[in-house]
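Here the sequence shown is numbered in the UniProt record's numbering, starting from 1 and rising by one per residue.
Note that the Cβ used here is the ideal one computed from N, Cα and C, for glycine as well.
Taking it in order: structure first as structure tokens, then the write-up.
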Amino acid sequence: MQLELISFKLCPFAQRAIISLNAQNIDFKMTYINPMNPPDWFKEISPTGQVPLLKVDDTPIFESLVITEFINEISTENFHPTDIVKAANNRSWIIYSSDILGNMFTIITGDEEKFNSAKTELMERFAKVGAAKAQGKFFNGDEFNMIDAAFAPIFMRLAWINEFTDNAIPLTELPEIAAWSDAVLALDVVKNSVVDGLDDVYLSNIENREGYLSTLLID
Ligand SMILES: N[C@@H](CCC(=O)N[C@@H](CS)C(=O)NCC(=O)O)C(=O)O
């Protein structure tokens with residue numbers, strides 16, 4: 001079975017799939033395309049025009065959560081907890097993490113009012129996730145699972161935003177989320193899931209969006 005993952009370099013949804021593939025030791029070919037000018041061959045195989053898309057031989061699999069579940073099915077290791085109720089609960093929170101990515105998008109694009117309401121909603125959502133999280137380094141305890149991979153792109157972008165600003169989205173009131181973020185971001189499989197210099201690309205993205213966040217950037 002030949003796997004080819006197609007994405008844009010900055011796509012947080014694709015980053016989940018990259019982490020899952022690498023954490024589960026599955027060989028794949030990575031192909032980055034230009035979001036401003038996707039090639040014709042991609043338009044032909046992608047029904048939505050969105051990335052990530054995993055080509056499995058000639059079959060396109062799309063939607064990041066379907067891709068990560070597929071990766072888990074072809075892996076010899078289980079990237080979810082073995083308890084099926086816990087696994088289902090993890091899947092629910094993984095879907096919830098996509099809504100949090102929506103908050104992150106508004107945080108980098110919105111005016112001051114939208115920025116502030118997205119930040120408030122982000123904190124409320126994090127508080128709910130924090131209440132559901134088990135004791136230990138990761139969401140389920142000491143094992144790094146798919147749910148941690150799903151939150152990794154959020155944590156990485158949040159850390160960049162806080163580095164580029166005077167800590168515009170502090171996690172000080174949510175220490176369990178801050179500690180979880182630190183544990184996830186310390187892993188090589190997470191660090192290696194993005195190309196070198198992606199933080200600079202993200203910074204340029206914030207500048208180019210000209211939202212309220214761009215006024216908070218420091219040198
Ligand atoms: N629900 C999708 C969302 C994917 C998504 O929004 N991808 C963005 C890039 S990060 C995209 O392809 N945007 C281009 C477009 O919508 O045309 C998933 O989880 O895979």
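Assign residue 48 to one of three DSSP states: helix, strand, or coil. Start at 1 with the first residue of the sequence shown, and residue 48 comes out as number 48. Three-state result, residue 48: coil.
List the endpoints of the continuous alpha helix (DSSP H) containing residue 123. Start at 1 with the first residue of the sequence shown, and residue 123 comes out as number 123. Residue 123 -> alpha helix (DSSP H) spans 112-132.
So which residues put a beta carbon under 5 Å from any heavy atom of ligand 3, going in chain order? Here the bound small molecules are ligand 1; ligand 3 is not part of this structure.
Since residue 33 and residue 6 are thought to touch, with beta carbons under 8 Å apart, how far apart are those beta carbons, to the nearest angstrom? Residue mapping note: residue 33 aligns to position 33 of the sequence shown, counting from 1. Residue mapping note: residue 6 aligns to position 6 of the sequence shown, counting from 1. Residue 33 to residue 6, Cβ: 6 Å. Contact.
Tell me the DSSP secondary structure of residue 137 in three-state form. As a position in the sequence shown, residue 137 is number 137, starting the count at 1. Coil, per DSSP.
Classify residue 56 as helix, strand or coil using the three-state DSSP reduction. Residue numbering aside, residue 56 sits at position 56 when the sequence shown is read from its first letter. Note: residue 56 maps to strand in three-state DSSP.
On the premise that residue 189 lies in contact with residue 23, defined as a C-beta separation below 8 Å, what is that separation, rounded to the nearest angstrom? For the purposes of this step, residue 23 is identified with residue 23 of the sequence shown, where counting begins at 1. For the purposes of this step, residue 189 is identified with residue 189 of the sequence shown, where counting begins at 1. Indeed, because the Cβ distance is near 5 Å, the residues count as touching under 8 Å.
Hey, is the region 147-160 in contact with the region 89-106, meaning 3+ C-beta pairs nearer than 8 Å? yes
Cut-off 6 Å between Cβ atoms - residues of its own chain near residue 149, not counting five sequence neighbours on either side: Along the sequence shown, read from residue 1 onward, the residue named residue 149 stands at position 149. Taken in chain order, the residues that qualify are 16, 19, 20.
What residue does the alpha helix (DSSP H) around residue 69 start on, and which one ends it? Walking along the sequence shown from the start, residue 69 turns up at place 69. Per DSSP, residue 69 belongs to the alpha helix (DSSP H) from 64-74.
Determine the burial state of residue 55: buried for a count of at least 16 other Cβ atoms within 10 Å of its Cβ, exposed for fewer. Counted from its first residue, the sequence shown places residue 55 at position 55. Buried.
Given this structure, state the Cα-to-Cα distance separating residue 214 from residue 126, to the nearest angstrom. Sequence index remark: in the sequence shown, residue 214 carries index 214 (1-based). Sequence index remark: in the sequence shown, residue 126 carries index 126 (1-based). Approximately 23 Å between the Cα atoms of the pair.
When the Cα of residue 139 is compared with those of 80, 106, 48, which residue comes out closest? Mapped onto the sequence shown, residue 139 falls at position 139. Of 80, 106, 48, the residue nearest in Cα terms is 80.
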